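Protein chains in written order, with this note's numbering: chain P, 1 to 218; chain F, 1 to 218.
The beta-carbon is built from N, C-alpha and C at its ideal position, and this holds for glycine as well.
The model shown is predicted, which means the values in this text are computed figures rather than measured ones.
I have placed the structure first, in the form of structure tokens, so that the comments after it can refer back to it.
There are 2 protein chains.
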Amino acid sequence: MDIDRRMLPYRGITPVAYLAGLVALILMLVWLLHYREGLEYDSDNPYRVFNVHPFLMLFGLVYIAGHAIMAYKMVPGSHNVQKFVHMLQNLVAICLGIIGICAVFKFHDMLKIEDMYSLHSWIGISTICLFCFQWVFGFVTFMFPRASTHTRVRARPWHAALGRALLYMAICAALTGLMEKATLLKQNNQASQRELHLVNFTGLSILLFGIFVDLSVA
Amino acid sequence: MDIDRRMLPYRGITPVAYLAGLVALILMLVWLLHYREGLEYDSDNPYRVFNVHPFLMLFGLVYIAGHAIMAYKMVPGSHNVQKFVHMLQNLVAICLGIIGICAVFKFHDMLKIEDMYSLHSWIGISTICLFCFQWVFGFVTFMFPRASTHTRVRARPWHAALGRALLYMAICAALTGLMEKATLLKQNNQASQRELHLVNFTGLSILLFGIFVDLSVA
């Protein structure tokens with residue numbers, strides 16, 4: 001078993017995925033805390049409320065969901081322990097994602113901005129809806145009440161494929177979101193070139209995280 | 001062999017990938033020809049020059065490059081024929097991509113806009129550079145002068161993995177590009193809601209194309 005794993009071509013990739021995810025999170029926090037207004041859900045400053053959105057979506061639906069994909073490789077213990085961690089991580093990701101979406105709707109309400117007009121919002125809302133469907137489908141099929149062995153074997157590649165597609169969608173949502181915000185900031189002369197470069201590096205780290213997570217389970 | 005292929009879970013996916021790609025191309029053309037100024041590389045109207053960019057990038061680095069990934073499944077004939085078609089499609093994709101990038105630089109020159117500041121441009125330029133590297137690497141390793149069998153066997157999963165990552169990067173570049181353009185149009189009140197919805201549907205089709213191409217070769 002050990003020899004087999006050592007022969008896999010992408011074996012050294014998982015630590016790189018961890019690193020890229022951590023870099024993305026840190027850059028996002030530097031951006032929101034140093035260059036922007038900070039983050040607070042119950043603030044009177046609408047921009048502090050808004051900033052909860054990019055952080056929680058990245059932390060939940062990209063970072064934790066990405067780690068959930070890698071759980072079967074990285075969590076020590078039996079298959080059942082790995083499955084439980086995978087399920088729990090995805091549940092946490094969904095909860096953070098829902099709070100993150102509430103934050104942006106609250107921001108829109110505070111500034112009387114319309115909802116759901118952009119490509120970013122269309123990709124994002126499709127992602128969270130499919131994510132919830134995938135979680136329920138996975139829970140019912142693989143945990144409780146659990147389908148027959150035959151059904152589980154047939155469902156597994158579809159569950160894995162949809163999971164990978166969802167990470168890919170979440171990353172597209174994140175990148176289009178960063179692009180929208182950066183374009184607005186630049187257009188209104190509200191950001192220095194240094195800040196815009198930081199946003200670009202955050203986006204690149206998110207993209208690399210997605211590529212390396214995908215590679216690590218390929 | 002036939003029975004094995006029929007048992008693959010994602011067998012019916014390839015036609016869906018073809019359809020999504022075609023829909024994305026048609027929507028893009030409707031947008032550029034009906035809602036925007038049309039496309040012409042040698043025009044005096046900078047916006048007609050600009051419009052060459054989104055069309056060629058989508059047609060080259062997403063649509064044709066996506067079909068090149070599926071060539072080993074869909075092109076009839078021997079493995080060598082498939083390999084030749086795959087190589088040729090990727091070469092055409094690179095040429096279209098380079099002309100597409102020249103178009104946007106020409107547009108920037110005409111309107112004195114700075115180059116390479118956005119996340120879209122950073123992702124895009126990384127994608128085309130890596131794409132050229134991947135093509136040269138693939139040509140030298142698998143076609144001429146061709147590496148030893150041992151090296152080819154070791155290189156194949158890396159070549160496939162980088163190819164999938166590049167399609168994923170090209171799609172992220174396309175979506176961030178659409179997002180940037182749509183944000184600017186909306187901000188300057190230059191587009192109707194109907195046009196912005198068309199852009200969103202174009203983006204969703206591109207995203208689905210990527211997911212289905214990836215699934216069809218998973």
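Distance between residue j and residue i (C-alpha atoms, nearest Å)
{"i": "residue 144 (chain F)", "j": "residue 81 (chain F)", "result": "15 Å"}
{"i": "residue 78 (chain F)", "j": "residue 209 (chain P)", "result": "37 Å"}
{"i": "residue 142 (chain P)", "j": "residue 87 (chain P)", "result": "10 Å"}
{"i": "residue 42 (chain P)", "j": "residue 98 (chain P)", "result": "16 Å"}
{"i": "residue 18 (chain F)", "j": "residue 74 (chain F)", "result": "11 Å"}
{"i": "residue 50 (chain F)", "j": "residue 192 (chain F)", "result": "20 Å"}
{"i": "residue 155 (chain P)", "j": "residue 217 (chain F)", "result": "18 Å"}
{"i": "residue 23 (chain F)", "j": "residue 201 (chain F)", "result": "9 Å"}
{"i": "residue 219 (chain P)", "j": "residue 140 (chain P)", "result": "Residue numbering for chain P in the displayed model covers 1 to 218; residue 219 (chain P) lies beyond these limits and cannot be assessed."}
{"i": "residue 83 (chain F)", "j": "residue 83 (chain P)", "result": "40 Å"}
{"i": "residue 157 (chain P)", "j": "residue 207 (chain F)", "result": "20 Å"}
{"i": "residue 171 (chain F)", "j": "residue 147 (chain P)", "result": "36 Å"}
{"i": "residue 152 (chain F)", "j": "residue 164 (chain P)", "result": "27 Å"}
{"i": "residue 138 (chain F)", "j": "residue 150 (chain F)", "result": "15 Å"}
{"i": "residue 184 (chain F)", "j": "residue 47 (chain F)", "result": "14 Å"}
{"i": "residue 187 (chain F)", "j": "residue 45 (chain P)", "result": "22 Å"}
{"i": "residue 29 (chain P)", "j": "residue 122 (chain F)", "result": "21 Å"}
{"i": "residue 199 (chain P)", "j": "residue 72 (chain F)", "result": "38 Å"}
{"i": "residue 109 (chain F)", "j": "residue 197 (chain P)", "result": "22 Å"}
Terminal residues of the alpha helix (DSSP H) in which residue i lies
{"i": "residue 177 (chain F)", "result": "149 to 187"}
{"i": "residue 89 (chain P)", "result": "79 to 111"}
{"i": "residue 205 (chain F)", "result": "193 to 216"}
{"i": "residue 12 (chain P)", "result": "Per DSSP, residue 12 (chain P) belongs to no alpha helix (DSSP H) and is neither H nor E."}
Residues of its chain near residue i, where Cβ-Cβ distance is below 6 Å and the 5 sequence neighbours each way are ignored
{"i": "residue 177 (chain F)", "result": "120"}
{"i": "residue 35 (chain F)", "result": "195"}
{"i": "residue 16 (chain F)", "result": "212"}
{"i": "residue 106 (chain P)", "result": "49"}
Cut-off 8 Å between Cβ atoms - residues of its own chain near residue i, not counting five sequence neighbours on either side
{"i": "residue 117 (chain P)", "result": "none"}
{"i": "residue 167 (chain P)", "result": "62, 65, 66, 69, 210, 213, 214"}
{"i": "residue 203 (chain P)", "result": "174, 175, 178, 179"}
{"i": "residue 126 (chain F)", "result": "169"}
{"i": "residue 189 (chain F)", "result": "none"}
Reduced DSSP secondary structure (H/G/I, E/B, other) of residue i
{"i": "residue 145 (chain F)", "result": "coil"}
{"i": "residue 116 (chain P)", "result": "coil"}
{"i": "residue 39 (chain P)", "result": "coil"}
{"i": "residue 76 (chain P)", "result": "coil"}
{"i": "residue 60 (chain P)", "result": "helix"}
{"i": "residue 223 (chain P)", "result": "Residue 223 (chain P) is absent from the structure shown; chain P starts at 1 and stops at 218."}
{"i": "residue 51 (chain F)", "result": "helix"}
{"i": "residue 19 (chain F)", "result": "helix"}
Residue i CB to nearest heavy atom of the ligand PLP below 7 Å
{"i": "residue 215 (chain F)", "result": "Ligands are entirely absent from the displayed structure, and the ligand PLP is therefore not among its contents."}
Same chain only: Cβ atoms within 7 Å of residue i, ignoring 5 sequence neighbours per side
{"i": "residue 100 (chain F)", "result": "52, 53, 56, 57, 60"}
{"i": "residue 21 (chain F)", "result": "63, 66, 209"}
{"i": "residue 94 (chain F)", "result": "131, 132, 135"}
{"i": "residue 205 (chain F)", "result": "20, 23, 24, 27"}
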